[in-house]
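Asks:
Residue numbers (this note's numbering): 1 to 430.
#1: Could you tell me which of 272, 132, 135 and 182 sits nearest to residue 155, measuring between CA atoms?
#2: When we look at the beta-carbon of residue 233 and count the other beta-carbons within 10 Å, is it buried (16 or more) or exposed?
#3: Would you call residue 140 buried or exposed, if buried means 16 or more other Cβ atoms sit within 10 Å of its Cβ?
#4: What three-state label does DSSP hand residue 236 in the structure shown?
#5: If you count every other CB in all the chains shown that lies within 10 Å of the CB of residue 53, and 16 or more means buried, which is it?
#6: What is the DSSP secondary structure of residue 246, counted as helix, strand or coil?
#7: Using DSSP bridges, identify the partner residues of residue 405.
#8: According to DSSP, is residue 311 helix, strand or coil?
#9: With DSSP as the reference, label residue 291 as helix, strand or coil.
#10: Ignoring anything shorter than 3 residues, give me the beta strand (DSSP E) runs that lie fully in the segment 338-396, in order along the chain.
#11: Counting only the same chain and skipping the five closest in sequence on each side, list residues whose C-beta sits under 6 Å from that of residue 66.
#12: From residue 417 to residue 393, what distance separates their C-alpha atoms?
#13: When DSSP labels each residue in this structure, what does residue 148 get in the three-state scheme?
#14: In angstroms with no decimal places, state the Cα-to-Cα distance between residue 188 and residue 254.
#15: Over what stretch of residues does the alpha helix (DSSP H) that includes residue 326 continue unbroken?
#16: To which residues does DSSP link residue 264 through a beta bridge?
#17: DSSP puts residue 251 in a beta bridge; with which residues?
#18: Grouping DSSP H, G and I as helix and E and B as strand, with all else coil, what is residue 42?
#19: Enumerated in chain order, which unbroken segments of the alpha helix (DSSP H) with a length of 4 residues or greater are wholly contained in the segment 112-175?
#20: Rounded to whole angstroms, what is the Cα-Cα separation between residue 22 and residue 306?
#21: On the CB-based measure, 16 or more other CB atoms within 10 Å of its CB, does residue 328 come out buried or exposed?
#22: Compare the C-alpha of residue 227 against each of 258, 163, 318 and 185 and name the closest.
#23: Please classify residue 81: does DSSP put it in a helix, a strand, or coil?
#24: List the DSSP bridge partners of residue 204.
#25: Roughly how many angstroms separate the alpha carbons of residue 316 and residue 325, rounded to a whole number?
#26: Would you verify that the beta carbon of residue 107 is, or is not, closer than 9 Å to some beta carbon of chain D?
#27: Determine the contact status of residue 293 and residue 236, defining contact as a CB-CB distance below 9 Å.
#28: Compare the beta carbon distance of residue 356 and residue 350 with 9 Å and say whether it is the shorter of the two.
#29: Can residue 168 be considered in contact with the ligand HEM, in the sense that its beta carbon sits closer than 8 Å to one or more heavy atoms?
#30: Do you know offhand how far residue 201's Cα is from residue 138's?
#31: Can you grab the Cα-Cα spacing for the pair residue 275 / residue 239, in whole Å?
#32: Out of 296, 220, 256 and 309, which one is the CA nearest neighbour of residue 278?
#33: With distance defined between alpha-carbon atoms, name the residue in 192, 74 and 110 nearest to residue 131.
#34: Determine the DSSP secondary structure at residue 419, reduced to helix, strand or coil.
#35: In angstroms with no decimal places, state the Cα-to-Cα distance between residue 313 and residue 168.
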């Protein structure tokens, strides 16, 4: 078969898959609209003032399902093989869904494995899980995920459970997994529905790309419309070379005019988003940004609004700290002092020191301490009495854990030691 004939065949297959996908989405929307029109408003409707994003966790006690799933987990384990079979079934039965996923499924499968484990471990606390899952549902909008996709996922999960459990499969085992999944999906759909007024992603153009080290770059980007973030938040980034592959990066500046943002990216491995952003990105390239999330500083400082700040950064964890310092320079509560510790392997690893030094000029309320020798956690703990401060920590997971441990041991309440939960959730950025 000639190359042109093969190309035509692939094009025809893609067109068929796309048409089938479009028909499925249209049918799903029609069915959903029909249900809404035929469902009368009555006692089952949400009461005025109720949380529209409750995600259906009320009335669901996951403790029983948690015990059942844990008891029979060995029947479907390891989870990695359960997930392999799940995706194989889903893509075989719904080939048009493959286009929603990245070319390499390794990260996606690892992410789902951690997600399943997190669900099982926390199913006895459905309200806490629902809050997290609603946020995840908001995030999934940028991937083009719709409720109909969850139905295909459930079908594939059931097939994978039956395959893995074999002769030990029972109705009870499958039903527990399905109830857990439907609880999670209900919360995610509620989260997506609550964010309908928010764009699923923003288009951005690269306006600056500085290679500060062989494995590290600072990027300036400009979005086509305002990107509504706060200092200390993070966003997800998609590179055109890796469609459907999103990784999390903190904004490295306070909100600026002209829709300009800054990201600090260290290459963590070959072939990933970080490698593309560091080594294969130039001025004029286009990226996509997911909605801003998280926040090292609370949106409303409340009683902590006038407390002095202790900021501790390691590696590119400097990015959100730099944003917070910039924000304090613009809108600092009267009397607040800020102390920033920056950990690095050596002086050369202080990749943004010139910008920090300039930022610290003529600001008696700001102290910046580089730490290039000894343990960062020990240096911070020995540098002062931080018990009345509000602390923010960002960087590698091990560094964050050691600094947090030292601060708690020194008497700083855990509620005032803030760090990005996203870094310790189901996946790590690459």
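Note that the Cβ used here is the ideal one computed from N, Cα and C, for glycine as well.
Because the structure is a prediction, the values reported are computed rather than measured.
Replies: Concretely, from the data shown:
#1: 182
#2: buried
#3: buried
#4: strand
#5: Here the model assigns residue 53 a pLDDT of 38, short of 50, so the residue's position is not dependable and the matter cannot be decided.
#6: strand
#7: Answer by DSSP bridge pairing: none, since residue 405 is not bridged.
#8: strand
#9: coil
#10: 338-343, 366-371 and 390-394
#11: 123 and 124
#12: 7 Å
#13: helix
#14: 30 Å
#15: 318-330
#16: 218
#17: 263
#18: Any reading at residue 42 must be qualified, since the residue scores a pLDDT of 36, below 50, and its modelled position is unreliable; no value is offered.
#19: 126-140 and 147-165
#20: Only weak support exists for where residue 22 lies, its pLDDT of 46 falling under 50; the coordinates are left without a value.
#21: buried
#22: 258
#23: helix
#24: 223 and 287
#25: 15 Å
#26: In the structure shown, chain D does not exist; there is a single protein chain.
#27: yes
#28: yes
#29: The ligand HEM is not among the ligands present in this structure, which contains no ligands whatsoever.
#30: 11 Å
#31: 10 Å
#32: 220
#33: 192
#34: strand
#35: 50 Å
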